[in-house]
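Written below as structure tokens is the structure these notes are about.
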Amino acid sequence: MTQQIPAPDLETLLSLFYQDIAQFGTIAATPADAMPAVARKLLDHEHHMTVTVEDYHNCEVDVQVLETLFDGQAYSRKILLTKQTDSTVVQFGIVRLHFEFLATHVQQEIMAEETPLGRILINHNVLRRVELSQLWKIQVGQDLAELFRITPDTIVYGRTAWIYCNGEPAIELLEVVTPAP
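In the working numbering, the protein residues as written are 376 to 556.
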């Protein structure tokens, strides 16, 4: 009998980097069929977002690490993914990685903060499975608006998900895509 793992807790992930969650935005769960087509295509799946946004934007992406936390076992970071072609921001994310489930060399490459997480896991052939937990409609707050270079209160979409590595719930994710032009 497999143990049921609870969905990543959105408030817990946000509180890692936001004392006031309103700076991030106002969040509500949303069904996939209520999302715009582009947001749905980018978020409603069980694949790595690194690959998904690269395919959609037809170019590789870089990671920009904005903040990190490390408590000995869990390493968390607030990031942006940007297009290599023109540095346009395509995704915001918060990840919390449970290092006890990842090999030391994979941990070290993640902590080097030079390569998107999905690319690292793929390059190291880590046996992984992405499990979509929830889709979100977000009315952006001041911080997310500044990061995306959009007006506060703009609606964007995101998701929470788990990445299981070698069968273990190793990575909790919040991923938010920029609005389609």
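All C-beta atoms in this analysis are idealised placements derived from N, C-alpha and C, irrespective of residue type, glycine included.
- prompt: residue 533 bridges to which residues according to DSSP?
  reply: Translated into the one-based positions of the sequence shown, residue 533 becomes position 158. Bridge partners of residue 533: 511 and 551.
message: Quick check for students: name the residue ranges of the alpha helix (DSSP H) that lie wholly in the region 385-412, counting only runs of 4 or more.
response: Listed in chain order, the complete alpha helix (DSSP H) runs (minimum 4 residues) inside the region 385-412 are 385-390.
field: Distance CB(residue 484)-CB(residue 495) smaller than 7 Å
entry: Within the sequence shown, the letter at position 109 stands for residue 484. Within the sequence shown, the letter at position 120 stands for residue 495. Cβ distance < 7 Å, so residue 484 and residue 495 count as in contact.
- request: Pick helix, strand or coil for residue 437, following the three-state DSSP scheme.
  value: The count along the sequence shown starts at 1 and reaches residue 437 at position 62. Note: residue 437 maps to strand in three-state DSSP.
query: Do the region 504-524 and the region 426-437 make contact, defined as three or more Cβ pairs closer than 8 Å?
result: These segments do not touch.
message: Considering only DSSP beta bridges, list what residue 464 is partnered with.
response: Start at 1 with the first residue of the sequence shown, and residue 464 comes out as number 89. Answer is 457.
Selection from 395, 449 and 442 that minimises the alpha carbon distance to residue 482: As a working mapping, residue 482 is identified with position 107 in the sequence shown. By alpha-carbon distance to residue 482, the top candidate from 395, 449 and 442 is 449.
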